[in-house]
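Numbering (this note's numbering), first residue to last: 869 to 1314.
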Amino acid sequence: MSSVRVRFAPSPTGKLHVGNMRVALANYLFARVNKGVFLLRLDDTDVGRSTEEFAQGIQEDLRWAGIEWDEFARQSDRLTRYDEVAAQLRQSGRLYPCYETPEELDLKRKSRLSQGRPPVYDRAALRLSDQDRARLEGEGRKPHFRFKLEERAVEFVDLVRGAQSVDETSQSDPVLVRADGSYLYTLTSVVDDIDLRISHVIRGEDHVTNTGTQIQIFEALGAKSPRFAHLPLLVDASGAGLSKRLGSLSIADLRAQGIESLALAGLLARIGTSDAIELVSGMEPLIDGFDFAKVARASPRFSMDELMQLNARTLHHLDFAAVTGRLKEIAPGADEAFWLAVCGNLSTLADAASWWQVVQGPLQPMIEDAAFSAQAASLLPAEPWTQASWKSWTAAVASATGRKGKTLFHPLRLALTGREHGPEMQNLLPLIGRARAAARLSGQTA
Ligand code: GLU
869 MSSVRVRFAP SPTGKLHVGN MRVALANYLF ARVNKGVFLL RLDDTDVGRS
919 TEEFAQGIQE DLRWAGIEWD EFARQSDRLT RYDEVAAQLR QSGRLYPCYE
969 TPEELDLKRK SRLSQGRPPV YDRAALRLSD QDRARLEGEG RKPHFRFKLE
1019 ERAVEFVDLV RGAQSVDETS QSDPVLVRAD GSYLYTLTSV VDDIDLRISH
1069 VIRGEDHVTN TGTQIQIFEA LGAKSPRFAH LPLLVDASGA GLSKRLGSLS
1119 IADLRAQGIE SLALAGLLAR IGTSDAIELV SGMEPLIDGF DFAKVARASP
1169 RFSMDELMQL NARTLHHLDF AAVTGRLKEI APGADEAFWL AVCGNLSTLA
1219 DAASWWQVVQ GPLQPMIEDA AFSAQAASLL PAEPWTQASW KSWTAAVASA
1269 TGRKGKTLFH PLRLALTGRE HGPEMQNLLP LIGRARAAAR LSGQTA
């Protein structure tokens, strides 16, 4: 058994977006390539902002993407454990009560800034006597608790970024327990990573500063820190962070826009790595190829166009068996011949509905030259039709009318499909069938 245990730890305070999904995928692929364990952990200690609906949505999005978790944890189930750890840290003097109100802290910050000093918390609460504290609590103030940082640089080797040094001297002691008794992620994450024996923490590089603090908490609790891998954050085409546009890049919305899970996984697994983004047949090649050594330091550019292109290529190669269920919902009665005829023309699966309409009708034909269409109709061969029927029919029309090339084929396509372009006519014609073809060529809706 491998000792690799990783977790994806979203907060259920919003929908998953492409950035989160990329982190989820990196954790999942790393677990699978190492035959380790992938855990889903919901960081739901912020009761005001966490909802069950978001929690369900996250799980639905992960399953849709083909990311199955081996273990599941929820921070709200573990509050008594955090109480224990907080008590332990208070006893060892690393967690201390503070009584400043947000307004008081703001004043302190401003006065330090006006003196040209960094706006770091001054640790005034450490100088309070027991009587001071009793007096403050007598006034009805409830303490929040800060972690006393050791003023030094914390060093670690990141699997993506290499040797790192986070300077903790210019940072405020972080609040780990709010005045209402609720815990902040900085603490709960460390406690869970210890208890759930997490071997590698894989997350976005916006957490690098947290890592310095969290390593100090691991140490204060007498635990060994996991290894860390921080992925550079995705940016848009202009190089700006995706956060402004995240609303439109939620997994739920991409799904609604017809993005295939395989296309999304293929893109997000390889974006910003030395592997080319290309069509994949499933998760296996993504798992086999996963390696932090391939991840570049630069911020990868996420492009919706690139995703759409990969989506189309994915659909063009999907087996009928892989889409049957979903296809039947939009094109009831669609069979493999239909799928093979149209899949190469799809950008999203939903496009199949309009091709089903072309095949099944009713469809209003576009007649460019009524006499020519009528003559072509009279030359339609008898059924049964095969792929060869188109060729033999158009050859007969060509010799009867003297037309060739575009002047021959274009009006026939327009009359039969109502469109300028589309799947190969040799595949569509047998699906349209003789009765509908004859009617359309005569200008009737059929
Ligand atoms: N809940 C944190 C987040 O969503 C988890 C970060 C981590 O992986 O440690 O950013």
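Yeah, the Cβ is synthetic: ideal placement off N, Cα and C, and Gly gets one too.
Computed from a prediction, not measured in an experiment: that's the story for all the values here.
Could you have a look at residue i and say whether DSSP puts it in helix, strand or coil?
i                  : result
proline 965        : strand
isoleucine 1070    : strand
alanine 877        : coil
tyrosine 896       : helix
glutamine 1243     : helix
valine 1191        : helix
serine 1222        : helix
phenylalanine 1158 : coil
Compute the minimum distance between the beta carbon of residue i and the heavy atoms of the ligand GLU, and state whether it is under 7 Å.
i              : result
serine 1067    : no
arginine 1071  : yes
proline 880    : no
aspartate 911  : yes
tyrosine 1053  : yes
histidine 885  : no
alanine 1161   : no
alanine 1190   : no
serine 1038    : no
alanine 1124   : no
alanine 894    : no
alanine 1021   : no
serine 1057    : yes
leucine 877    : Correcting the residue identity first, residue 877 is alanine in this sequence and not leucine. Indeed, a heavy atom of the ligand GLU lies less than 7 Å from the Cβ.
histidine 1075 : yes
Just checking my contact of residue i with residue j at CB under 8 Å: how many whole Å lie between their CB atoms?
i               : j                  : result
threonine 1054  : proline 1042       : 6 Å
glutamine 1032  : glutamate 1023     : 7 Å
valine 901      : phenylalanine 1158 : 5 Å
threonine 1262  : leucine 1248       : Contact doesn't hold; Cβ gap of about 11 Å is too wide.
tyrosine 964    : lysine 1016        : 6 Å
leucine 1154    : alanine 1137       : 4 Å
isoleucine 1085 : methionine 889     : That belief does not hold up - the Cβ atoms of isoleucine 1085 and methionine 889 are roughly 28 Å apart, past 8 Å.
Closest to residue i by C-alpha separation, out of the options, would be which residue?
i              : options                              : result
arginine 1029  : Gly1008, Pro1100 and Arg900          : Pro1100
arginine 821   : Ser1040, Ala1002 and Thr948          : What the structure shows of the chain is the stretch from 869 to 1314, and residue 821 is not part of that stretch, so it cannot be assessed.
valine 1034    : Gly1107, Thr1081, Thr1254 and Asp951 : Thr1081
threonine 1037 : Asp1060, Ala1021, Arg1003 and Val901 : Ala1021
When the Cβ atoms of the stretch 934-949 are set against those of the stretch 973-991, are three or more pairs found closer than 8 Å? At 8 Å Cβ cutoff, the stretches do not touch.
Taking 8 Å as the cut-off, does the stretch 979-999 touch the stretch 1091-1108 (at least 3 CB pairs, one atom from each stretch)? no
Inter-stretch contact (C-beta, 8 Å, three-pair minimum) for the stretch 1117-1136 and the stretch 1193-1210: Here the stretch 1117-1136 does not lie against the stretch 1193-1210, with fewer than 3 beta-carbon pairs under 8 Å apart.
Does the stretch 1275-1293 come close enough to the stretch 1215-1232 to have 3 or more Cβ pairs within less than 8 Å? yes
Are three or more beta carbon pairs between the stretch 904-914 and the stretch 1142-1155 nearer than 8 Å? no
State whether the stretch 1232-1251 contacts the stretch 1203-1223, with contact taken as three or more CB pairs (one from each stretch) at a distance under 8 Å. no
Does the contact criterion of 3 or more C-beta pairs under 8 Å hold for the stretch 1203-1213 versus the stretch 1270-1282? no
Quick check: the stretch 1164-1179 against the stretch 1248-1257, are at least 3 beta-carbon pairs closer than 8 Å? no
Three CB pairs or more closer than 8 Å across the stretch 1152-1166 and the stretch 917-924: no
Would you check if the stretch 1060-1076 and the stretch 872-881 touch, i.e. whether three or more CB-CB distances between them fall below 8 Å? yes
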